[in-house]
Amino acid sequence: AQTVTQSQPEMSVQEAETVTLSCTYDTSENNYYLFWYKQPPSRQMILVIRQEAYKQQNATENRFSVNFQKAAKSFSLKISDSQLGDTAMYFCAFMKHATTGANNLFFGTGTRLTVIP
Amino acid sequence: DAGVTQSPTHLIKTRGQQVTLRCSPKSGHDTVSWYQQALGQGPQFIFQYYEEEERQRGNFPDRFSGHQYPNYSSELNVNALLLGDSALYLCASSLLVRGNQPQHFGDGTRLSIL
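Each protein sequence line maps, in turn, to chains S and F.
Quick note: the first sequence uses this note's numbering, first residue 1, plus one each step.
Quick note: the second sequence uses this note's numbering, first residue 118, plus one each step.
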């Protein structure tokens, strides 16, 4: 079974500063995908960034980057130049590789991030 | 380009009743997954539909059932509602043939059981 752990229930950061959200996971799979999703009060789950386990290079998406440590089963999200609009719940998610289609996502319990003006 | 749409936005039911939630996938998507998100928790996978059949299922009782129509839209049905079924129900869609692509989520239906 796959488990995803987010050990930081809440975090805060000053506007324009950098913050790192932690995520660890447990799996016996070798081929899988990791995601960070953002859920603002509007409730919609928005994809922030995606990492393929077979890629050693860490994914980046504008101000968002990850530190993927496969051996340690760690997948942290770094948000640079934090903006007020980054205030949201952030969920780390795991997905096994599928030969067709997409398998289901396993989510962590989330980290509530507040960006302070 | 229409995203994933869910209806209704909010719903209030009493214990023992039955409820149907609806989802239209993102344009061009053919696979629909349903998740339950209890307050303060991450979403948990209920089941996934493709070609009008249940393709995968999570650890949820038979009270939770679903359906997918030829136009790819989907319904989630919950019978004999319990207080513990109060949650945000999220629908997500993807395209099967593209494989391993991120799922796109709707805004969810907030279900409250009294």
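A virtual CB, placed ideally from N, CA and C, is assigned to each residue, including glycine.
May I ask you to report which of helix, strand or coil DSSP gives residue i?
i, result
"L77/S", "strand"
"D224/F", "coil"
"L21/S", "strand"
"V112/F", "As shown, chain F starts at 118 and ends at 231. That puts residue 112/F outside it, with no answer to give."
"L207/F", "strand"
"L128/F", "strand"
"L200/F", "helix"
"L113/S", "strand"
Quick one: which chain S residues come within Cβ less than 7 Å of residue i?
i, result
"P219/F", "F35, L47 and R50"
"Q165/F", "N104"
"D224/F", "S42, R43 and Q44"
"L207/F", "M45"
"S150/F", "N104"
Please name the residue in the options whose C-alpha comes closest to that of residue i.
i, options, result
"Y186/F", "I230/F, T126/F and S141/F", "S141/F"
"M95/S", "E52/S, A59/S, T18/S and K70/S", "E52/S"
"F68/S", "T109/S, E15/S and T24/S", "T24/S"
"A59/S", "N104/S, F107/S, L84/S and F35/S", "F35/S"
"S74/S", "E15/S, Q2/S, S12/S and S22/S", "S22/S"
"A93/S", "T87/S, S82/S, L105/S and L84/S", "L105/S"
"E169/F", "L212/F, D147/F, L156/F and Q158/F", "D147/F"
"S80/S", "R43/S, V4/S, V13/S and Q8/S", "V13/S"
"A118/S", "Y32/S, P9/S, N30/S and Q57/S", "This structure cannot speak to residue 118/S, because chain S is shown only from 1 to 117."
Any idea which residues DSSP pairs residue i with across the strands?
i, result
"N232/F", "Nothing about residue 232/F can be read from this structure; chain F reaches only from 118 to 231."
"Q56/S", "None; Q56/S has no bridge partner."
"Q39/S", "M89/S"
"D26/S", "T3/S"
"Q51/S", "L34/S"
"N67/S", "S76/S"
"K143/F", "DSSP output for K143/F lists no bridge partner at all."
"V149/F", "Y166/F and S210/F"
Please list, in chain order, the chain F residues whose beta carbon lies closer than 9 Å to that of residue i.
i, result
"G108/S", "G159"
In chain F, which residues lie with their C-beta within 7 Å of the C-beta of residue i?
i, result
"F91/S", "G159"
With hydrogens ignored, establish whether the beta-carbon of residue i is closer than 6 Å to any heavy atom of the ligand PLP.
i, result
"S7/S", "With respect to the ligand PLP, the structure shown offers nothing to examine, as it has no ligands at all."
In chain S, which residues lie with their C-beta within 8 Å of the C-beta of residue i?
i, result
"Q185/F", "Within 8 Å Cβ-Cβ: nothing; Q185/F doesn't reach chain S, min ~14 Å."
Does the count of Cβ pairs from the region 131-149 of chain F and the region 179-197 of chain F closer than 8 Å reach three? Touching, yes, given that three or more Cβ pairs across the two stretches are closer than 8 Å.
Counting pairs of Cβ atoms below 8 Å between the region 197-217 of chain F and the region 155-174 of chain F, do you hit three or more? The region 197-217 of chain F, when compared against the region 155-174 of chain F, does touch it at the 8 Å Cβ threshold.
Does the count of Cβ pairs from the region 59-70 of chain S and the region 107-116 of chain S closer than 8 Å reach three? Taking 8 Å as the limit for Cβ pairs, the verdict is that the region 107-116 of chain S does not touch the region 59-70 of chain S.
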